[in-house]
Amino acid sequence: MNLSPLVISFQVAIPAGLLTFVLGVWAAHAVTRAGRLQNLWDGLLTLPMVLPPTVVGYFLLLIFGKNGLLGGLLYRAGLSVVFTTQGAVIAATAVSFPLMYRAARGAFEQLDENLISAGRTLGLKESTIFFRVVMPGCWPGIAAGALLAFARALGEYGATSMLAGNIPGKTQTMSLAVASAVAGNNRALASHWVAVIMGISLITMLALNILTGLQRRALGKATN
Amino acid sequence: MKKLAVCALSLLLALAPTGLGRAAEETELYVLAAASLTDVMAQIGEAYRETAPDVRLTFVFDSSGTLQSQIEAGAPADIFVSAAQKQMNALEEEGLIVKESRRDLLVNSVVLIVPADSEAAISSFEDVEDEKVKMVAIGDESVPVGQYTQAIYEHLGLWEAVKAKANLGSNVRAVLAWVESGDVDCGVVYATDAASTDRVRVVAQAPEGSHQPVIYPAAVVAATQRAEAAQAFLSYLAGPEARALFEAAGFTMAESAAE
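If you read the sequences in order, they're chains A and B. Residue 59 in numbering that gives the first Met the number 0 is what sits at position 60 of the first sequence, and the numbering runs on without skipping anything. Residue 181 in numbering that gives the first Met the number 0 is what sits at position 182 of the second sequence, and the numbering runs on without skipping anything.
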């Protein structure tokens with residue numbers, strides 16, 4: 000069995016997970032402070048989660064294609080994301096982002112505002128408050144969101160096949176390999192990859208449940 | 000907050016250059032091919048290395064409609080092999096393929112299949128109407144093979160009778176799977192689907208002229224910067240080495256393929 004889909008899946012899901020983590024936490028923090036436009040931003044940022052992934056992929060293709068707005072600029076700079084691993088990273092990031100964003104927002108909103116106010120009265124800088132008070136207070140929720148987003152990025156299919164294409168050995172992730180094997184009536188191969196994906200996803204979800212358990216215990220302590 | 004933004008930006012930049020700086024001595028061709036060609040194209044790609052060792056073929060497989068959208072969006076593409084004329088016609092109208100390079104490459108036929116171990120006396124499309132067939136699997140009307148099946152039975156004047164005992168698959172692979180498992184007495188699929196498994200047997204070809212031919216057209220994409228290499232590979236696809244592989248996969252070469 001050619002293992003390249005496994006390697007490519009992680010080459011895509013790890014950077015996508017990191018990007019999603021940073022962008023999601025940042026967006027959640029920004030939106031919590033966005034004032035009147037909060038609901039609009041929230042809706043826009045959650046959109047990739049409720050849209051069909053192929054629709055997200057189609058949008059990305061229009062944006063990043065050579066004839067697209069951003070794609071045209073990148074092309075002139077000698078960069079192309081369509082049919083590349085970077086394209087797969089962008090697609091996986093776009094689709095997994097709302098999971099991270101929503102989890103982080105939920106965690107931020109549960110944090111006791113008094114802790115932040117206390118930090119301010121003590122004259123701490125906002126960035127210090129964020130990294131030393133907010134993040135430590137919210138980490139189980141944020142970590143759970145990051146894992147969920149990572150698992151989603153690992154299983155991405157629809158948007159990825161649109162933007163990055165289904166190229167064996169280059170952009171063909173495990174999910175795409177399953178689709179190809181089924182299309183080619185190669186059941187044994189499809190079943191192998193299905194087993195691998197299920198194993199990895201199950202491990203991720205077990206880790207997620209452990210984290211959620213930790214979070215519940217932490218919350219329990221806070222209210223006692 | 001700024002730290003986070005800087006983090007995100009540097010991550011993006013760190014990712015950006017990995018796809019660049021590919022060796023220049025090889026000519027890379029992007030071949031966008033219909034998903035039904037996945038296996039046979041991979042074999043042809045390997046065979047082509049002997050003919051043109053300096054050409055590296057990169058295959059992108061998806062539904063013909065998705066590939067069309069990708070070409071329209073300016074995705075890197077040198078050759079397009081579509082599973083139907085519709086997508087190729089659209090691209091030709093938009094001036095996105097080299098018109099002179101376009102040719103009908105392959106023909107797929109529509110066949111009636113039964114489970115390999117079936118003992119039922121089913122030997123023609125007409126037999127499906129008979130009471131020895133309790134259930135037949137066909138593609139539903141949103142699936143191309145379902146549209147062909149309907150055309151065949153309308154041509155034979157048996158559509159109402161067949162529809163009454165049809166189990167509709169949402170894609171051709173579902174139809175194939177039902178026949179393989181013996182859950183239906185017979186099914187209508189493409190010859191290439193039947194050739195992909197030992198667990199079904201072809202008992203009949205669709206009657207001549209009962210449906211529009213299933214043709215796979217191929218063309219060089221207008222945006223290619225390697226027109227010569229692309230044209231060479233297209234000619235190879237129509238040549239004798241590729242022909243043997245296509246036929247082993249259940250395809251027939253289109254009459255005009257080699258012109």
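Ideal placement from N, C-alpha and C gives every residue a C-beta, glycine not left out.
Look at asparagine 185/A here: in three-state DSSP terms it is coil, with no helix or strand label. Separation of aspartate 182/B and valine 213/B (C-alpha to C-alpha, rounded to the nearest whole angstrom) is 27 Å.
Taking the beta carbon of asparagine 66/A as reference, the chain B residues within 9 Å of it are Glu71, Ala72 and Gly73, listed in sequence order.
The alpha carbon of threonine 191/B has as its nearest neighbour, out of Gln86/B, Cys185/B, Pro206/B and Leu175/B, the alpha carbon of Leu175/B. Under the Cβ criterion of 8 Å, alanine 115/B is not counted among the residues facing chain A.
Residue nearest to serine 108/B within the set Val219/B, Gly208/B and Val54/B is Gly208/B (criterion: CA-CA distance).
Distances from the CA of isoleucine 43/B to each of Leu244/B, Asn88/B and Arg225/B were compared; the closest alpha carbon is that of Leu244/B. In this structure, valine 219/B sits away from cysteine 185/B, with a CB-CB distance that is not shorter than 8 Å.
Listed in chain order, the non-local C-beta contacts of leucine 61/A below 7 Å within the same chain comprise Gly67, local neighbours out to five positions each way being set aside.
Taking 8 Å as the cut-off, the Cβ atoms of serine 122/B and valine 188/B do not count as close.
The Cβ neighbour count for valine 113/B, taken over all protein chains shown within 10 Å, is at least 16; the residue is labelled buried. The C-beta of aspartate 38/B comes closer than 8 Å to at least one C-beta of chain A.
Between glycine 118/A and chain B, the shortest Cβ-Cβ separation is not below 8 Å. Residues of the same chain with a CB within less than 7 Å of the CB of methionine 173/A, apart from the 5 flanking positions on each side, are Pro4, Leu5, Ser8, Trp192, Val195 and Ile196 in chain order. Scanning chain A for C-beta atoms nearer than 8 Å to the C-beta of serine 68/B yields Tyr57, Leu60 and Met161, reported in chain order.
Alanine 152/A and alanine 12/A have their C-alpha atoms some 5 Å from each other.
The Cβ atoms of arginine 104/A and valine 30/A lie closer than 8 Å to each other.
Taking a contact as a CB-CB distance under 8 Å, the pair arginine 200/B and alanine 115/B counts as one, their CB atoms being some 5 Å apart.
Here the C-alpha atom of methionine 134/B lies approximately 5 Å from the C-alpha atom of lysine 164/B.
Partner residues in the beta bridge of arginine 102/B, as assigned by DSSP, are Ala217/B. A straight line joining the alpha-carbon of leucine 201/A with that of phenylalanine 149/A spans about 12 Å. Within the same chain, Cβ atoms closer than 8 Å to the Cβ of leucine 213/A are found at Pro139, the five residues on either side in sequence being excluded.
Contact of serine 169/B with chain A is not assigned, every C-beta pair being separated by 8 Å or more.
Counting the other Cβ atoms within 10 Å of the Cβ of arginine 216/A gives fewer than 16, which makes it exposed.
In this structure, isoleucine 89/A sits away from leucine 123/A, with a CB-CB distance that is not shorter than 8 Å. Listed by position along chain A, the residues whose Cβ is nearer than 7 Å to that of valine 59/B are Phe82, Gly164, Asn165 and Ile166. Counting the other Cβ atoms within 10 Å of the Cβ of leucine 72/A gives fewer than 16, which makes it exposed. Annotation for leucine 233/B: Ile78, Ser100, Arg102, Ala217, Ala218 and Val219 place their beta carbon closer than 8 Å to its own, counting only its chain and skipping 5 residues before and after.
Taken in chain order, the whole alpha helix (DSSP H) runs of length 4 or more contained in the segment 31–116 of chain A are 37–49, 52–63, 68–75 and 84–109. Boundaries for glycine 168/A: no alpha helix (DSSP H) harbours it, and the DSSP string shows neither H nor E there. Per DSSP, the unbroken alpha helix (DSSP H) holding threonine 159/A starts and ends at 157–162. Of all residues in the segment 185–205 of chain B, only Asp192, Ser195 and Thr196 come within less than 9 Å of chain A when Cβ atoms are compared, listed by chain position. Around the beta carbon of proline 52/A, a 10 Å sphere encloses 16 or more other beta carbons of the protein chains shown; the residue is thus reported as buried. Burial check for aspartate 111/A: the Cβ neighbour count within 10 Å stays below 16, so the residue is exposed. The alpha-carbon separation between glycine 145/B and alanine 106/A amounts to approximately 50 Å. Alanine 163/A and threonine 83/A have their C-alpha atoms roughly 5 Å apart.
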